[in-house]
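Protein chains in written order, with my numbering: chain C, 1 to 320; chain B, 1 to 672; chain A, 1 to 329.
Think of the CB as a built atom: it goes at the ideal place given N, C-alpha and C, for glycine as much as any other residue.
Since we're looking at a predicted model, the values are computed, not measured.
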Amino acid sequence: MSIIDTWTTSTIERTRDTFKLKQLYELQAEFLFNQYEPVRASPSEAAMPFLQRLDRWLGCFDSPEDQWNVFRSLKYFFFIGREETDELYRCAVSHKLLPWLIERDGLDIFSCDFQENLDKAIHTTWPCPVTDSLRINNLLHRTNLKGQSLRPDWLSLKQLGDKEKIAKYKKDKKVKYLALFEDFVGSGMQCERATKFALDAFDGPIILAPLVVCHPGDVKLHALAAASKGRLTYEPIVVLASDCLITEIPDAGEPKSFATFRIALQNGHRKGAFADPAFGWEGVGSLVSSYSNCPNNSPPIFHGMTESWLHPLFPRKGRV
Amino acid sequence: MVALRFDNPFHDLWVTEILDANAYVQMFSPVLVADTEEMFSNGHVVLKGRQGSGKSMLLNLLETTTRVAYFKTNARYPVPKKQRAFISAGVQLTRAGASLVAARSEDIPKDQRSRIVATNFADYLNSLLCYDLLKNVVYLGGEQEGNPDLLPEVTVDLSEERQSELFRILAASETWPGFISADCSNVREAMTSLESRIRAHKNYFNFNLDRLPQELERSRSPAGEPMAELAGALRRSNILPPTTLVLLRIDQHEELFELERHSKLGNVFRQVINSALAKRDPRVAYRIGTRHYAWDADITAWGSGAPLEAMRDYSVVDLDSILKRGEHSKSWKFPVFAADVVSRRLGAAGFTFPGSALEIMFGRSLEPSERARKYVGNARCLLQLDPTWAPEWKAYLEKLWTDHEPLEAKFGEAWLRQQVQKRRKIGLDGSQAHGTPWRKSPWWPKERNEIALMQLAGARQQALIWCGERQIVDLAGHNILAFMTICKSVWATWQRRNPDDVERRIALPSFSVDDQVIGISEASQIWFKKIQVGLEADQRTRLVSTLGQWFRRRMLDDQSLSYPGHSGFSLLENDLMANHFLVPIIKACRDHGDLMESQHTTKEKDQAQRVKWYLHPLLCPIFRIPHIRTKEPIYTTLAELQLLYDERRHMGPIADAPLKAEEEAQLGFPGM
Amino acid sequence: MTVKPWGKIEWLLPRTKIDSWHVVTSSSFEDRCLALVTWLCATGTIVDSSTIFRITNPPSDLWAEALPFVEKNFASLRTLLHGDTHNFIDLGLLDQVGSIANSDALNPHGGQSVILDITTLPKRFFLFSLKQLLNSPTVKNLVVTYARAKDYPESALCEDALPPTALPGYGRIYESEEKSRLIVGVGYMPLSVEELIEQAKYSRLDFVFPFPPASPAFRRNWDLLTMLMPTDFPRSTEIHRVHGMDAFEVFERVKAWGDGHIIDLLPIGPKPHTLGMAMAYLRLNGYAEITYSQPQAYRYNYSRGIAMNSEGKPHILAYCLKLGGRQLF
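What follows is the structure, given as structure tokens:
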């Protein structure tokens with residue numbers, strides 16, 4: 001009998017809870033988890049039903065208590081599927097970028113030439129990704145936002161870019177505004193570096209609209225905006241609450257079940273002997289994955305693979 | 001995963017999504033038709049049945065589109081040939097927005113309110129049914145043009161001549177002048193005019209008009225009269241053959257009961273319907289589809305105030321009575337019905353099988369002793385032996401246990417306890433520690449099998465085992481929806497646990513005991529979930545949870561197995577007349593099928609009439625109580641039930657889950 | 001690429017260039033019923049007149065707990081809105097809306113510019129009022145407002161939902177041969193909608209899922225979706241993610257789905273989504289229907305406090321539906 005099946009014939013409470021969670025995960029599998037690209041890339045993995053992969057992952061943990069605690073804590077895992085991403089793109093543009101342009105250019109939304117003026121403002125905007133993990137072309141296509149011909153990611157530009165060329169491009173294209181988008185911000189270090197470079201290399205107003213931000217990153221980027229004397233507007237779409245993060249030191253607002261989840265996570269980390277820290281890169285502890293990849297800010301028990309941890313739930317595609 | 005879901009022949013949509021759109025008719029079982037022949041004959045019929053009783057299937061058989069689908073798929077229409085000369089029209093009250101009829105009642109002066117609302121409702125109903133009747137006639141006529149062999153019993157003739165005759169007759173009738181536009185001269189124009197009339201009502205109900213058009217108000221008629229005149233005219237004009245029965249379906253009649261409860265208009269809506277039935281007009285016959293409570297609660301007719309009389313004004317087809325187990329199990333209809341439904345599904349999925357599909361898939365049920373062994377496994381002896389008993393007795397019972405007869409050991413323990421209660425000293429006399437004295441009466445262990453097994457499983461925190469054809473049928477509680485839910489869940493469990501078998505599948509699978517235990521556990525959760533998101537969810541969930549946990553506690557604590565029947569409760573019949581808040585909740589649970597109700601003979605000397613209730617069998621797995629009823633239920637009072645019910649007052653959103661203080665606060669997002 | 005006329009109230013309201021308003025609001029056990037009026041007074045916005053709904057729920061233990069909060073908030077509202085031009089309407093939660101919330105009662109002084117605050121106004125009332133005000137030739141300018149709550153406890157927010165029925169003013173007028181498509185706005189409480197959804201699976205069933213925001217709301221929404229989703233839902237079922245506050249986007253999508261089709265709308269999600277569905281209904285010319293299961297009892301603390309936006313101000317959203325006599329959707 002699979003691990004999950006044994007719970008369905010256990011105590012009344014365990015049976016009931018298992019059934020509810022199983023139904024939830026099956027539904028989420030159909031509408032979310034099955035989109036996970038690194039799994040889809042492997043035919044044998046893709047053919048395996050999610051519940052079976054989940055059961056196999058639970059088998060990596062040694063103790064039945066740990067298995068149960070991670071199973072029930074999976075409901076706090078925030079999976080950003082394609083549809084979530086599309087909506088986040090739309091919100092980034094419609095709810096953040098465009099209102100910001102309206103403010104900047106002093107447009108009257110009720111005037112009959114509003115649309116014409118808005119289009120003009122859009123033409124002077126340069127939408128770019130912060131890193132290459134934000135699929136800028138997808139964002140532009142899904143939102144119908146007109147981009148500029150070049151869409152470099154600014155983290156790469158920081159290493160390879162030429163400030164003079166950037167300035168020239170800005171002038172030639174009559175660009176007034178820079179709009180930076182990022183898909184996921186964990187600790188905020190990468191984003192901060194790229195944005196600081198942007199503040200240095202681009203002399204106009206900048207809006208930074210990351211789609212999903214963890215608390216440490218949020219703090220960092222708020223501070224960066226505050227220090228920019230109004231040049232940088234920071235407008236995240238989603239800031240994750242404490243029940244989407246599991247940190248080494250318990251947070252006051254976290255769910256009580258995280259206490260045992262933490263123990264299971266640490267036990268699993270020891271068993272897997274992962275190179276990454278137990279709570280993910282920079283200890284962020286994000287309980288997040290997107291359909292394209294699981295960030296390394298998430299605990300490696302979810303995405304890491306080692307000799308003693310053969311079946312991650314959301315195997316991560318790392319950079320070479 | 002999607003493919004897997006749709007690879008389950010018990011998936012509700014499997015038929016329409018995988019097979020042809022008309023193939024659904026092949027899934028209809030004719031088993032109930034023989035017991036419900038009055039549905040296809042003259043006279044009014046009230047068809048009572050809960051959700052999952054097969055009521056929709058039966059009503060569907062009357063529909064013209066269904067009959068055409070049978071023809072197109074070459075499937076045999078199950079209604080006997082001599083009863084096929086009918087055409088039907090209908091209205092589903094929810095779909096028709098009946099709830100909005102009362103929306104403007106408070107605009108009307110109080111002293112005229114009921115009368116005007118009744119009149120408007122009657123006219124609305126008349127319009128809907130007349131429209132649908134004409135629509136069905138046109139539809140059938142159109143289909144018959146391309147298929148002359150279609151429904152030869154009801155040949156429609158919509159020639160110009162016939163239509164002229166129809167309108168000549170209608171123009172001379174009592175109710176049709178003004179009911180449709182005076183310039184209507186054919187059926188399509190009449191339908192357009194009726195659509196406009198229906199729209200006027202809807203616009204008025206929706207506050208798009210300040211009042212109903214005057215010409216509409218002037219041409220309103222009592223309920224049923226325009227339909228009767230139309231039916232007569234269709235036959236007299238020979239658009240329909242003269243012997244064609246016109247059947248008018250009004251489904252979801254319980255919708256009116258709900259509407260009346262909240263609109264403070266008394267019983268006006270149901271009385272309007274009753275007035276149509278009271279006319280006993282031979283030109284039309286009504287088929288009223290309802291759940292039980294809605295029909296019985298008031299049977300006077302609007303206007304006359306005279307009560308309708310069963311058998312005189314209408315006959316009743318009660319699917320619950322037809323399908324539930326009676327005195328003689330051989331005549332029990334439900335297993336035949338269920339087996340037929342299953343065979344049809346599996347046949348359509350391409351399976352062939354010798355004999356009974358249910359037997360092949362589910363096998364035989366386990367004997368009590370087999371189940372007992374499964375529950376205890378290799379556990380050491382879990383009996384609670386009284387220290388005062390003779391060492392020989394204790395050793396004997398323990399030996400029975402270790403000799404793989406845990407059920408006998410359990411019986412022994414309970415039997416000794418009962419001897420103590422009867423002040424017999426057998427337990428102190430070690431020389432009697434042999435044999436199976438508890439089997440001296442064959443009834444004693446038979447009545448106690450289930451409670452004993454429940455205690456053995458409970459001691460090991462195990463789910464109860466249900467498996468085998470017989471138990472699967474029992475668990476369905478004569479409800480075909482419950483039955484299909486079980487089949488679907490067990491099949492899905494088998495698919496999930498045996499992926500290789502699924503791939504290789506040619507023959508019908510045989511589900512293992514584990515497949516069935518897990519699948520039934522899921523089916524039970526699904527059945528309970530329906531209550532949690534259904535009508536009157538909070539109260540029903542709370543009462544069912546209260547009872548389930550109460551029965552379980554009582555039976556687990558009953559170490560001497562003295563009350564094996566305490567998986568149900570009983571109240572005095574008089575208690576049900578009381579103005580106590582629990583009474584309507586008990587009735588709601590009964591009406592929705594959560595509780596199964598029956599009269600019973602009291603064991604008390606007072607001989608007062610009592611009523612007893614048990615949970616629907618498919619709710620028993622979730623609470624881990626037996627579904628088999630034996631001996632006496634718990635004799636209780638409303639006061640006692642209230643104490644138990646009130647204990648559950650501050651449960652969380654799901655009444656069986658305690659409120660978790662840890663998750664009290666969360667950052668905001670929208671509610672109501 | 002455009003921007004619809006909605007957003008934070010401090011962003012939107014000044015842009016309408018309207019000087020004074022008639023306010024329709026409600027007093028409730030929830031603190032956020034005071035948010036709009038408090039904001040209006042704090043910013044010096046002129047409120048010429050007002051109509052306050054004071055709603056009484058059916059008797060229950062929950063109502064007995066809630067009543068003191070209703071009275072307290074009502075008193076606060078009357079302190080802020082007093083004078084001859086400020087009136088209130090007493091009514092029961094289950095009363096018929098039509099005779100009570102007509103144009104005259106909602107806007108007795110014939111104000112041209114109306115703010116309809118739907119924060120704590122039960123759906124059947126706010127939807128009916130919306131239709132009356134939109135269709136009123138007197139009302140030239142209409143803004144709908146909604147104040148977000150700080151948080152919600154994780155337990156049953158309400159109880160004893162009535163069976164689902166079409167909302168007055170939002171019933172279907174036209175039928176067609178086509179089977180209807182059910183679109184469910186996902187929220188937190190299942191209400192009594194199981195049979196409706198079960199039936200819908202035989203035609204077409206879709207969900208509008210409020211996203212963003214993310215957790216914890218999305219987690220709770222998925223829980224509800226799991227409860228509502230039939231075990232064998234159709235292959236074509238989609239879950240459409242739409243920002244929880246974006247009424248205009250819901251309007252656009254529902255209108256697109258409903259154009260030329262028969263749709264049923266079940267708004268058990270956030271009020272801005274319900275607003276969007278109502279707007280779509282009004283544009284679908286009688287081919288849609290909005291059905292709802294009215295709860296009979298609410299927890300007095302089912303929402304707590306008022307959310308603050310990123311600038312530390314009460315998070316009140318405003319949607320401009322009519323300006324200068326022209327409907328903006």
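Exercise. According to the Cβ coordinates, are N49(A) and T85(A) closer than 7 Å?
Worked result: Here residue 49(A) corresponds to residue number 49 of the third sequence, with the count starting at 1. Here residue 85(A) corresponds to residue number 85 of the third sequence, with the count starting at 1. Here residue 49(A) turns out to be Ser, not Asn, going by the sequence shown. The answer is yes: Cβ separation under 7 Å.
Exercise. Quick one: is P109(B) buried, meaning 16 or more other Cβ sit within 10 Å of its Cβ, or exposed?
Worked result: The sequence position of residue 109(B) within the second sequence is 109, counting from 1. With a threshold of 16 other beta carbon atoms within 10 Å, P109(B) falls short and is exposed.
Problem set entry | Among E573(B), V91(B), Q549(B), nearest to R648(B) - alpha-carbon criterion | Locating residue 648(B) in the second sequence gives position 648, counting from the first residue. Checked all of E573(B), V91(B), Q549(B); the closest Cα to R648(B) is Q549(B).
Exercise. Three-state secondary structure (DSSP) at E289(A)?
Worked result: To locate residue 289(A), count along the third sequence from 1; it is residue 289. Of the three classes helix, strand and coil, the one that applies to E289(A) here is strand, per DSSP.
Exercise. Taking only runs of the alpha helix (DSSP H) that begin and end inside the region 34 to 104 of chain C, which ones reach a length of at least 4 residues, in chain order?
Worked result: Secondary structure remark: continuous alpha helix (DSSP H) runs of at least 4 residues inside the region 34 to 104 of chain C, in chain order: 37 to 40, 43 to 47, 50 to 58, 64 to 73, 82 to 91.
Exercise. Looking at C-beta atoms only, is the number of pairs between the region 128 to 140 of chain A and the region 231 to 249 of chain A that lie closer than 8 Å three or more?
Worked result: Result no; under three Cβ-Cβ pairs closer than 8 Å.
For this session: Check the Cβ of D673(B) against every Cβ in chain C and list those closer than 7 Å, keeping chain order.
Result: Only positions 1 to 672 of chain B appear in this structure, which leaves residue 673(B) out of reach.
Problem set entry | Nearest candidate by alpha-carbon position, reference E413(B), set L464(B), V517(B), D558(B) | If you number the second sequence from 1, residue 413(B) lands on position 413. Here the closest residue by C-alpha is D558(B).
For this session: Kindly say whether V533(B), judged by its beta-carbon, lies nearer than 7 Å to any beta-carbon of chain A.
Result: As a working mapping, residue 533(B) is identified with position 533 in the second sequence. Yes, its Cβ sits closer than 7 Å to a Cβ of chain A.
Exercise. So what does Q92(B) bridge to, in DSSP terms?
Worked result: Within the second sequence, numbered from 1, the residue matching residue 92(B) stands at position 92. Answer by DSSP bridge pairing, in chain order: D251(B).
Exercise. P59(A): buried (16+ other C-beta within 10 angstroms of its C-beta) or exposed?
Worked result: Walking along the third sequence from the start, residue 59(A) turns up at place 59. By the neighbour-count criterion, in which 16 or more other beta carbons inside 10 Å mark a residue as buried, P59(A) falls on the exposed side.
Exercise. Quick check: the region 332 to 344 of chain B against the region 312 to 324 of chain B, are there 3 or more CB pairs under 8 Å?
Worked result: Yes, they touch.
For this session: Could you tell me which of D203(C), A241(C), G204(C), A198(C) sits nearest to V219(C), measuring between CA atoms?
Result: Your numbering for residue 219(C) matches position 219 in the first sequence. A241(C) is the residue among D203(C), A241(C), G204(C), A198(C) whose C-alpha sits nearest the C-alpha of V219(C).
Exercise. Hey, is the region 284 to 298 of chain A in contact with the region 151 to 165 of chain A, meaning 3+ C-beta pairs nearer than 8 Å?
Worked result: Because the criterion of three Cβ pairs below 8 Å is met, the region 284 to 298 of chain A and the region 151 to 165 of chain A touch.
Exercise. Where Q418(B) and E370(B) are concerned, what is the direct C-alpha to C-alpha distance, given to the nearest angstrom?
Worked result: Mapped onto the second sequence, residue 418(B) falls at position 418. Mapped onto the second sequence, residue 370(B) falls at position 370. Approximately 25 Å between the Cα atoms of the pair.
Exercise. Relative to the alpha-carbon of N208(B), which residue among I316(A), I173(A), V193(A) has its alpha-carbon at the smallest distance?
Worked result: Residue 208(B) sits at position 208 when you count from the first residue of the second sequence. If we check each option's Cα against that of N208(B), I173(A) comes out closest.
Exercise. Where do the ends of the alpha helix (DSSP H) carrying H201(B) lie?
Worked result: Counting from one through the second sequence, the residue named residue 201(B) turns up at place 201. Annotation for H201(B): the continuous alpha helix (DSSP H) segment containing it runs 187 to 205.
For this session: Can you tell me the Cβ-Cβ gap for P98(B) and A223(B), rounded? I've got them flagged as a contact below 8 Å.
Result: Position 98 of the second sequence, counted from the start, is the residue given in the question as residue 98(B). Position 223 of the second sequence, counted from the start, is the residue given in the question as residue 223(B). Checking the sequence, you will find Ala at residue 98(B) rather than Pro. The distance from the Cβ of A98(B) to that of A223(B) is about 13 Å, inconsistent with a contact at the 8 Å cut-off.
Exercise. Which one or two residues does DSSP pair with E258(B) in a beta bridge?
Worked result: As a position in the second sequence, residue 258(B) is number 258, starting the count at 1. Beta-bridge partners assigned by DSSP to E258(B): none are found.
Problem set entry | chain A within 7 Å of V175(C), Cβ atoms only | Here residue 175(C) is taken as the residue at index 175 of the first sequence, counted from 1. By this cut-off, V175(C) is not an interface position.
Exercise. With burial defined as no fewer than 16 other Cβ atoms inside 10 Å of the residue's Cβ, what is the status of Q532(B): buried or exposed?
Worked result: Walking along the second sequence from the start, residue 532(B) turns up at place 532. Counting every other CB atom within 10 Å of its CB across the protein chains shown gives Q532(B) a total of 16 or more, marking it as buried.
Exercise. Within the 7 Å Cβ cut-off, does A492(B) reach chain C?
Worked result: Walking along the second sequence from the start, residue 492(B) turns up at place 492. Chain C contact via Cβ: absent.
Exercise. Buried or exposed: where does C112(C) fall if 16 or more other Cβ atoms within 10 Å of its Cβ makes it buried?
Worked result: For the purposes of this step, residue 112(C) is taken as the residue at position 112 of the first sequence. Its Cβ having fewer than 16 others within 10 Å, C112(C) is exposed.
Problem set entry | Residues, ordered as in the chain, of the region 359 to 383 of chain B that lie near chain C by beta-carbon distance below 7 Å | Of all residues in the region 359 to 383 of chain B, none has a Cβ within less than 7 Å of some Cβ in chain C.
Problem set entry | Coarse secondary structure for Q532(B), derived from DSSP in three states | The sequence position of residue 532(B) within the second sequence is 532, counting from 1. Secondary structure of Q532(B) (DSSP, three-state): helix.
For this session: Mind checking who F184(C) pairs with in its DSSP beta bridge?
Result: Taking the first residue of the first sequence as 1, we reach residue 184(C) at position 184. Note: F184(C) sits in a beta bridge opposite V212(C).
Problem set entry | Contact between the region 185 to 201 of chain B and the region 135 to 143 of chain B (3+ Cβ pairs under 8 Å) | Because the criterion of three Cβ pairs below 8 Å is met, the region 185 to 201 of chain B and the region 135 to 143 of chain B touch.
For this session: Step through the CB atoms of chain C and report whether any lies within less than 7 Å of the CB of Y239(A).
Result: Here residue 239(A) refers to the residue found at position 239 when the third sequence is read from its first residue. Correcting the residue type first, residue 239(A) is Ile in the shown sequence and not Tyr. So yes, I239(A) belongs to the interface.
Exercise. Expressed to the nearest angstrom, what Euclidean distance is found between the alpha-carbon atoms of G7(A) and F53(A)?
Worked result: The sequence position of residue 7(A) within the third sequence is 7, counting from 1. The sequence position of residue 53(A) within the third sequence is 53, counting from 1. Those two C-alpha atoms are separated by around 25 Å.
Exercise. Out of N479(B), A339(B), E37(B), which has the shortest C-alpha to C-alpha gap to S683(B)?
Worked result: With chain B covering 1 to 672 only, the question about residue 683(B) has no answer from this structure.
Problem set entry | Cross-strand partners of G92(A) (DSSP beta bridge) | One-based indexing of the third sequence puts residue 92(A) at position 92. Residue pairing of G92(A) in beta bridges, as defined by DSSP: T56(A).
For this session: Note down, in chain order, every chain A residue with its Cβ under 7 Å from the Cβ of S99(B).
Result: Locating residue 99(B) in the second sequence gives position 99, counting from the first residue. Within 7 Å Cβ-Cβ: T165, A166.
Exercise. Taking Cβ to Cβ, would you say F269(B) is nearer than 7 Å to L259(B)?
Worked result: The residue labelled residue 269(B) in the question sits at position 269 within the second sequence. The residue labelled residue 259(B) in the question sits at position 259 within the second sequence. Yes, the Cβ-Cβ distance between F269(B) and L259(B) is below 7 Å.
For this session: At 8 Å on the CB atoms, spell out the chain C contacts of P295(A), in chain order.
Result: The count along the third sequence starts at 1 and reaches residue 295(A) at position 295. Result: empty, since nearest Cβ-Cβ is about 22 Å, beyond 8 Å.
Problem set entry | Beta-carbon proximity of A121(C) to D108(C), cut-off 7 Å | As a position in the first sequence, residue 121(C) is number 121, starting the count at 1. As a position in the first sequence, residue 108(C) is number 108, starting the count at 1. No, Cβ-Cβ distance for A121(C) and D108(C) is not below 7 Å.
For this session: List the DSSP bridge partners of I263(A).
Result: Start at 1 with the first residue of the third sequence, and residue 263(A) comes out as number 263. Its beta-bridge partners are R181(A), A288(A).
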